[in-house]
Amino acid sequence: MTGAFSEPMRRALDEARAAAAEGEVPVGAVVTRAGALVATGRNRMRCDNDPTAHAEMVAMRAAAAALGVPRLDGCDLWVTLEPCAMCAGAMALARIGRLYFAAADPKGGAILHGPRLFDQPTCHHAPDVYSGIGEDEAGDMLKAFFRERRS
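This note's numbering runs 100 ahead of the 1-based position in the sequence shown.
Here is the structure:
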């Protein structure tokens, strides 16, 4: 069941469910600009045999292609899990304006946990960060996915 939160996070959660159905870790992402959907993405590491095919990377690549630009100025990224260091670094390079994420990732996250990339003095661009949007639904989906694989 989807909670009372924004349409972009609902779409990201739908992408996460689609990733799980494909055997991928259920993480989904959406890029918006001025409130309009630009691109979606979901984890595709296994499907694409690509260690960089995290949901955020897939969505940002699709957004850049759709907009015909190398940077995503004025765009927001919505993702169901706290981004890792690779994805956070790509967001900084892409100039994402705002990052919205659902579940925190104490083990692999790089925004509120680990290296806290956007807090580093060497980070040349840091988006505004909003966390916890859809956290329960995203967290439950991840827990169920891993519980199923461990049983």
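Where is the CB? At the ideal position from N, CA and C, for every residue including glycine. Source: prediction; values computed, not measured.
Can you give me the Cβ contacts of residue i inside the same chain, cut-off strictly under 6 Å, excluding the 5 residues immediately before and after it?
| i | result |
| --- | --- |
| LEU181 | VAL127, ALA203, ASP205 |
| ALA129 | ALA112, GLY141, ALA155, GLU156, ALA159, VAL179 |
| ARG144 | ALA153, VAL158 |
What's the C-alpha gap between residue i and residue j?
| i | j | result |
| --- | --- | --- |
| MET101 | GLU237 | Only weak support exists for where MET101 lies, its pLDDT of 38 falling under 50; the value from the coordinates is given anyway. If I take the Cα positions, the gap works out to 8 Å. |
| ALA244 | ARG198 | 29 Å |
| MET160 | SER106 | 19 Å |
| LEU113 | TRP178 | 10 Å |
| ILE211 | VAL169 | 25 Å |
| PHE201 | GLY232 | 6 Å |
| ARG247 | ASP240 | 10 Å |
| LEU265 | THR222 | Residue 265 lies beyond the range of the chain shown here (101 to 251); nothing can be said about it. |
| ARG195 | ALA226 | 8 Å |
| GLN220 | ASP176 | 21 Å |
| ASP148 | GLU122 | 11 Å |
| VAL229 | PRO183 | 11 Å |
| GLU115 | PRO151 | 18 Å |
| ALA120 | PRO108 | 19 Å |
| ARG250 | LYS207 | 18 Å |
| GLY135 | ARG146 | 31 Å |
DSSP state of residue i, grouped into three classes?
| i | result |
| --- | --- |
| ASP173 | coil |
| ARG110 | helix |
| GLY239 | helix |
| ASP219 | helix |
| GLY189 | helix |
| ALA129 | strand |
| THR102 | With a pLDDT of 44 at THR102, under the threshold of 50, the predicted position of this residue should be treated as unreliable, and no value is reported. |
Kindly give me the distance between the Cβ atoms of residue i and residue j, rounded to whole angstroms, as I take these residues to be in contact under 8 Å.
| i | j | result |
| --- | --- | --- |
| VAL131 | ALA163 | 4 Å |
| MET191 | GLU156 | 7 Å |
| ARG133 | GLY174 | 6 Å |
| ALA118 | VAL138 | Wrong, their Cβ atoms sit about 18 Å apart, outside the cutoff. |
If you follow the beta strand (DSSP E) that residue i is in, where does it begin and where does it stop?
| i | result |
| --- | --- |
| VAL158 | Not the beta strand (DSSP E): VAL158 falls in the alpha helix (DSSP H), residues 155-167. |
| GLY141 | 136-142 |
| ARG198 | 198-203 |
| ALA226 | Premise fails: ALA226 is in no beta strand (DSSP E) and is neither H nor E. |
In chain order, what residues of the same chain lie with their CB nearer than 7 Å to the CB of residue i, ignoring the 5 residues before and after it?
| i | result |
| --- | --- |
| PRO215 | ALA185 |
| GLY189 | LEU217 |
What first and last residue would you give for the alpha helix (DSSP H) that runs through residue i?
| i | result |
| --- | --- |
| ASP148 | 145-148 |
Could you tell me if the beta carbon of residue i falls within a distance shorter than 7 Å of some heavy atom in the ligand MG?
| i | result |
| --- | --- |
| MET186 | With respect to small molecules bound, the structure shown includes none, and the ligand MG cannot be examined in it. |
Could you confirm whether any beta carbon from chain B is found closer than 8 Å to the beta carbon of residue i?
| i | result |
| --- | --- |
| VAL179 | Protein chain content of the structure displayed is limited to a single chain, and chain B is not contained in it. |
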